[in-house]
Structure formats: structure tokens, C-alpha cells
Amino acid sequence: DTEVVLEMMPSLTVEVTCGTEGEEGIQEGDIVTVQAWVTLKRGNGLISALPHAPYFPFHKEENFWFLLADSVSNNVWFSNKVSFMDEAAAITAASKAIEELMEGSRASAKDTTAAVREAVEKVRGGARLVMGKFQAPAEGSYNLTCYCLCDSWIGCDRKTNLKAKILKRTRAGTRGGLVPDEGPLAEDGVEEEEENEEEEYDDDYESEYSEDEEEEKDTKKKGPAANGIVHKKESDSEVSGSDEE
């Protein structure tokens, strides 16, 4: 029994790459794509197997967890569950993920087909594709650790180091569905237009008001002059009447 159990114990290898789609280097705020291939090998040649757990109340399926973490800050940047039990589901998921990745990089149909075929062969050979995204942190150099932890076997965990250099933000705009920087500018433009409309309205209002004031001043000036002429004519008529008498 001991030899049978030892032959069932898995041996893992992990290959990890990180990068931004269609860009050179990783800048702070970018959406980073993680791509990892976790390959499992057993002494008996099997890929999927049930672990030796005689005291477990039912059959225990082995599962693995992939984590990309920063041990300095004690933060997990990305995590995903990995299972070697269902090969058909793994082939479908890997084919779809590679196809979307190749389409995003504007690869030709021939290159896409070749990449999908290669991924399918890897899955059939005992590998599983892990893909995900996370937002790049602030500028700096990070010494990350990739863990592949098993929930069924002791001593089968694997880890590998990954260095990530995050550059200062220099590209215009953002990628991967981030909030664009143009939003506040657009709002400022709307506010400026509203202010300009208010100023034009104030100018029109002041011009109309000033014209009314000028007209009132003119009428006030003309009013006494007209009244004076009338009074003068009346006085002249009175004088002529007295002379006739």
C-alpha cells in the first residue's frame, strides 16, 4: 500500500508570465494579465486520481490553489482554483482563453489555431492553464511569489519567484475598462460652457437695462424743455390778450 500511495503523489511544476496586452512593459494602473501553466506528474502515469484518505467519510477529490502574492506586504494579488479531475472542461477553458488572448493581440487565424492546438496538447499531457487579470500597483520593483498549494497532499506544494517591475505612468489614457482621465475634463468643459452662457445672458440683460436707462434720461431731459416751451407760448398769448384789451 505504501508504494501505491507514493506512486499516486503528485509532482508539480509551475510556469508563470505576466504582462499587459499590446503594450511593452507594465505601468502603474495597467490591467496585467497573468498566465500560468501548472503541470502535474505522478509515478503511476495518471493525471487525475483520488488521494489516499481511508478515514475520510467519502471520496476526496484533490484540488490545488494558485496564488500570486507579495510576501513583503502580505498581499495576494491573484488567486485561482486548479483541478485536474475534468480534462474535457480544462480543454474547453484553455482553448477559449488562448483564442481570446490571440485575438486581443491581433494574431492571424493560422497563429491562433496553432496556439489553441498547442494548449490542447498541454492539457492532455497533464497541464492546466490558469489565467486572470489584476490592476498594477504603484511604481516600484516587486519580488512576488507564485504558490501552488494542494488541499489533499502534504509536501506537494510548489512555489516559484517572479520579479515584477512597475513603471511610472506615461501612456495617455488607460486600458482594460479603467475609468478614463477625460471625465473630469469633460465636466470642466460643461461648466465653462454654462459660465459662458451666464456671462452672455448677463451682458444682454445689462445692455437692455442700460438702453432703458438712457431712454428714461432722454425723456427726462426733453420733458422740461417741452413744458417750458408750452409755458412760454401760454405767457405770450396772455401778453397779447392784455395788449388788445
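When the letters of the sequence shown are read in order and numbered with UniProt numbering, they come out as residues 1 to 245. We treat Cβ as the ideally placed atom computed from N, Cα and C, and that holds for glycine.
- By the Cβ rule, the region 109-123 does not count as touching the region 14-32, because fewer than three pairs are nearer than 8 Å.
- Counting the other Cβ atoms within 10 Å of the Cβ of Gln135 gives fewer than 16, which makes it exposed.
- In the structure shown, Glu99 falls within a helical segment according to DSSP collapsed to helix, strand and coil.
- Apart from the 5 residues on each side of it in sequence, Val82 sits with its Cβ closer than 8 Å to the Cβ of Val38, Asn63, Phe64, Trp65, Phe66, Arg128, Val130, Cys148 in its chain, given in chain order.
- A straight line joining the alpha-carbon of Thr17 with that of Glu139 spans about 19 Å.
- When the Cα atoms are used, Glu118 and Thr92 turn out to be separated by approximately 13 Å.
- Judged by DSSP in its simplified three-state form, Val72 adopts coil rather than helix or strand.
- In the displayed model, Thr17 falls within a strand according to three-state DSSP.
- Contact annotation: Leu144 and Leu162 have beta-carbon atoms nearer than 7 Å.
- Note that the C-beta distance between Ala115 and Met102 is below 7 Å.
- The C-alpha of Val34 lies about 14 Å from the C-alpha of Gly104.
- In the DSSP assignment, Leu40 is bridged to Leu12.
- Here the alpha carbon of Glu99 sits roughly 14 Å from the alpha carbon of Ala90.
- Under a 10 Å Cβ-count criterion, Gly29 is classified as buried, with 16 or more other Cβ atoms of the shown protein chains found around its own Cβ.
- When Glu15, Ala109, Lys96 are compared, the shortest CA-CA separation from Arg158 is found for Glu15.
- Per DSSP, the continuous beta strand (DSSP E) segment holding Thr145 begins and ends at 140-150.
- Taking the Cα of Ile154 as reference, the smallest distance to any Cα among Ser11, Asp1, Val4 is reached at Ser11.
- Per DSSP, reduced to three states, the secondary structure at Thr112 is helical.
- Here Phe58 is exposed, its C-beta having fewer than 16 other C-beta atoms within 10 Å.
- Leu167 has Gln27 as its beta-bridge partners, per DSSP.
- For the set Leu6, Thr170, Gln27, Leu40, the Cα lying nearest the Cα of Ala164 is the one of Gln27.
- Residue pairing of Ser79 in beta bridges, as defined by DSSP: Leu67.
- Ranked by Cα distance from Phe84, the first of Glu3, Thr2, Ile47 is Ile47.
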